[in-house]
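Residue numbers (the numbering used here): 593 to 974. Glycine is no exception: its CB is placed at the ideal position from the N, C-alpha and C atoms. One structure is given here, and the rest of the page talks about it.
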């Protein structure tokens with residue numbers, strides 16, 4: 593082979609190699625473009641990706657707070673709705689399927705201590721009375737109101753007997769015990785507000801129910817505002833009960849309660865939140881069945897060490913289906929909003945709370961559908 597032919601051969605060989613390389617590039621470039629296009633189309637949004645990441649976080653424990661209203665050595669919420677869940681370990685059984693533990697924390701210090709724990713992210717959910725929940729939200733504890741857990745709960749004014757105390761006017765300047773910072777204080781303030789009074793018209797003494805009962809028995813105070821403990825004192829003839837919220841038609845002073853959760857937890861773990869809400873809904877449904885009424889009352893009174901007859905008396909003429917309706921209806925939200933205004937007027941809070949912005953009805957609405965409870969509870973009109 594001549595030199596010229598060798599050169600031609602080498603050139604042709606190089607040209608073919610170059611052409612082959614170009615051919616490969618012609619196929620590779622479109623393939624890369626196609627892959628990039630598919631990644632762009634199907635790439636999850638940052639929020640969805642974040643949500644998925646958060647959902648897959650290893651949650652090993654859910655922490656739930658309850659005010660401890662027990663008169664015995666056992667822990668109790670003082671309500672059949674919550675005690676039914678607690679004693680039957682409904683949440684423990686449900687979340688065991690997800691390998692998640694439930695930690696119940698019962699607080700004798702009630703609302704103020706629970707709000708502090710929520711603010712410090714030491715809790716995930718809490719069952720609270722209206723004032724404690726309102727104070728927490730006003731103090732910028734970032735909670736969401738998920739459902740109602742009690743409404744129309746009556747309160748009573750117990751006064752020393754044989755003193756002629758039949759009206760608030762006769763108690764002006766007298767010593768009245770209230771468990772301040774709790775639903776009792778908001779209840780009292782809402783009640784006396786309807787008669788044109790404020791706390792300044794009385795000598796308010798901050799005592800928990802047990803201490804208030806002892807003070808009444810020792811005649812160290814003139815009156816106390818409370819729940820069933822006042823009825824117990826009445827039966828013992830230690831007090832008379834001239835006034836109660838049950839005497840009013842507008843519900844002024846009745847206590848409402850609800851389930852709140854840390855907004856951050858709820859946003860990061862909506863499925864876990866839904867599971868918890870559904871379990872509470874199932875308890876509310878069981879408690880509200882007329883055939884379960886006696887069992888529900890005996891369950892909580894035995895656990896809390898409360899007299900069954902007093903608990904029955906406090907709930908006379910009340911349907912548990914109404915008392916423990918979970919609905920965030922206009923009555924419930926309206927009563928809470930009135931409570932916010934009363935708390936502002938009494939300087940119990942400094943910032944307003946927009947209740948409708950605070951509540952999130954999505955979980956309860958979805959739970960009612962999932963459990964086939966549609967049309968079971970009707971919105972309260974009173």
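> CA-CA distance, residue 745 and residue 769?
Replying inline: Taking the Cα positions, residue 745 is about 19 angstroms away from residue 769.
>> Rounding to the nearest angstrom, what Cα-Cα distance links residue 944 and residue 657 in this structure?
In response: Separation of residue 944 and residue 657 (C-alpha to C-alpha, rounded to the nearest whole angstrom) is 24 angstroms.
>> To the nearest angstrom, how far is the alpha carbon of residue 926 from that of residue 946?
In response: Cα to Cα, the separation comes out at about 11 angstroms.
>> According to DSSP, residue 748 sits in a beta bridge with which residue or residues?
In response: DSSP lists 818 and 836 as partners of residue 748.
>> Counting C-beta neighbours from all protein chains within 10 Å, is the total for residue 934 16 or more, i.e. buried, or is it exposed?
In response: So residue 934 counts as buried.
>> Less than 7 angstroms between C-beta atoms, sequence neighbours within five positions excluded: which residues of the same chain meet that for residue 879?
In response: Closer than 7 angstroms at Cβ, skipping near neighbours: 672, 673, 676, 888, 912 and 916.
>> Taking the alpha helix (DSSP H) that residue 911 belongs to, which residues open and close that run?
In response: Bounds of any alpha helix (DSSP H) do not take in residue 911, whose DSSP letter is neither H nor E.
> Who are the near neighbours of residue 962 in its chain, counting only those whose CB is closer than 7 angstroms to its CB and skipping five residues on each side?
Replying inline: Within the same chain, 870 come within 7 angstroms of residue 962 by CB-CB distance, once the 5 residues on both sides are set aside.
>> Using only CA atoms, which one of 862, 857, 937 and 907 lies nearest to residue 886?
In response: When each option's Cα is compared against that of residue 886, the closest is 907.
>> Going by beta-carbon coordinates alone, are residue 846 and residue 955 separated by less than 8 angstroms?
In response: At a Cβ-Cβ threshold of 8 angstroms, residue 846 and residue 955 do not count as neighbours.
>> Using only the alpha-carbon positions, how far apart do residue 684 and residue 874 sit?
In response: Their Cα atoms are separated by approximately 14 angstroms.
>> Helix, strand or coil for residue 887? Go by DSSP, reduced to three states.
In response: Residue 887 falls in the helix class under three-state DSSP.
> If we ignore side chains and look at the alpha-carbon of each, how far apart do residue 614 and residue 860 end up?
Replying inline: Its pLDDT being 48, under 50, residue 614 is placed unreliably in this model, and the value from its coordinates should be taken loosely. Computed Cα separation, rounded: 50 angstroms.
> Does DSSP put residue 849 in a helix, in a strand, or in coil?
Replying inline: Reduced to three states, the DSSP call for residue 849 is strand.
> Should residue 918 and residue 876 be called a contact, given that it needs their Cβ atoms to be closer than 8 angstroms?
Replying inline: Against a cut-off of 8 angstroms, the Cβ pair of residue 876 and residue 918 comes out as a contact.
> Just how far apart, CA to CA, sit residue 651 and residue 797?
Replying inline: Going from the Cα of residue 651 to the Cα of residue 797 covers about 43 angstroms.
> Can you name the residues that DSSP bridges to residue 739?
Replying inline: Under DSSP, the beta-bridge partners assigned to residue 739 are 851.
> For residue 973, which option in 766, 743 and 755 has the closest C-alpha, if you only look at C-alpha atoms?
Replying inline: It is 743 whose Cα lies nearest to the Cα of residue 973.
> Start and end of the beta strand (DSSP E) containing residue 591?
Replying inline: Nothing can be reported for residue 591, as the shown portion of the chain is limited to 593 through 974.
>> Cutting at 8 angstroms between CB atoms, please list the residues of its own chain near residue 642, excluding the five before and the five after it.
In response: Here residue 642 scores only 43 on pLDDT, less than 50, and its place in the model should not be relied on; the value that follows carries that caveat. Excluding sequence neighbours, residue 642 sits near nothing in its chain.
> So what's residue 937 in DSSP terms, helix, strand or just coil?
Replying inline: In the displayed model, residue 937 falls within a helix according to three-state DSSP.
> Does the region 809 to 818 touch the region 745 to 755, meaning 3 or more C-beta pairs lie closer than 8 angstroms?
Replying inline: The region 745 to 755 vs the region 809 to 818: in contact.
> Can you name, in chain order, every residue of its own chain whose Cβ lies under 8 angstroms from the Cβ of residue 920, other than the five neighbours on each side?
Replying inline: Only 737, 739, 740, 951, 953 and 956 meet the Cβ criterion.
>> Helix, strand or coil for residue 553? Go by DSSP, reduced to three states.
In response: No answer is possible for residue 553: it lies beyond the span of the chain, which begins at 593 and ends at 974.
> Nearest-angstrom Cα distance between residue 759 and residue 693?
Replying inline: Spanning the two alpha carbons is a distance of roughly 51 angstroms.
> Anyone know if the C-beta pair for residue 801 and residue 771 falls short of 8 angstroms?
Replying inline: Cβ atoms of residue 801 and residue 771: closer than 8 angstroms.
>> Taking the alpha-carbon of residue 549 as reference, which of 828, 851, 799 and 778 has the nearest alpha-carbon?
In response: This structure cannot settle anything about residue 549, because the visible part of the chain is limited to 593 through 974.
>> Less than 6 angstroms between C-beta atoms, sequence neighbours within five positions excluded: which residues of the same chain meet that for residue 706?
In response: Excluding positions up to five away in sequence, the list reads 657, 699 and 718.
> To which residues of the same chain is residue 939 closer than 7 angstroms at the C-beta, ignoring the five residues directly before and after it?
Replying inline: There are no such residues.
>> Judging by CA-CA distance, which residue of 786, 794, 661 and 857 is the nearest neighbour of residue 841?
In response: Of the candidates 786, 794, 661 and 857, the residue whose Cα lies closest to the Cα of residue 841 is 786.
> How many angstroms separate the CA atom of residue 843 from the CA atom of residue 783?
Replying inline: In this structure, the straight-line span from the alpha carbon of residue 843 to that of residue 783 is close to 9 angstroms.
> Taking all protein chains shown into account, do 16 or more other C-beta atoms lie within 10 angstroms of the C-beta of residue 729, making it buried, or fewer, making it exposed?
Replying inline: Using a 10 angstroms sphere on the CB of residue 729, the tally of other CB atoms reaches 16 or more, which defines it as buried.
> Does the separation of the CB atoms of residue 897 and residue 669 fall below 8 angstroms?
Replying inline: Between residue 897 and residue 669, the gap from beta carbon to beta carbon reaches 8 angstroms or more.
> Do residue 655 and residue 735 have their CB atoms nearer than 8 angstroms?
Replying inline: Not closer than 8 angstroms, so no.
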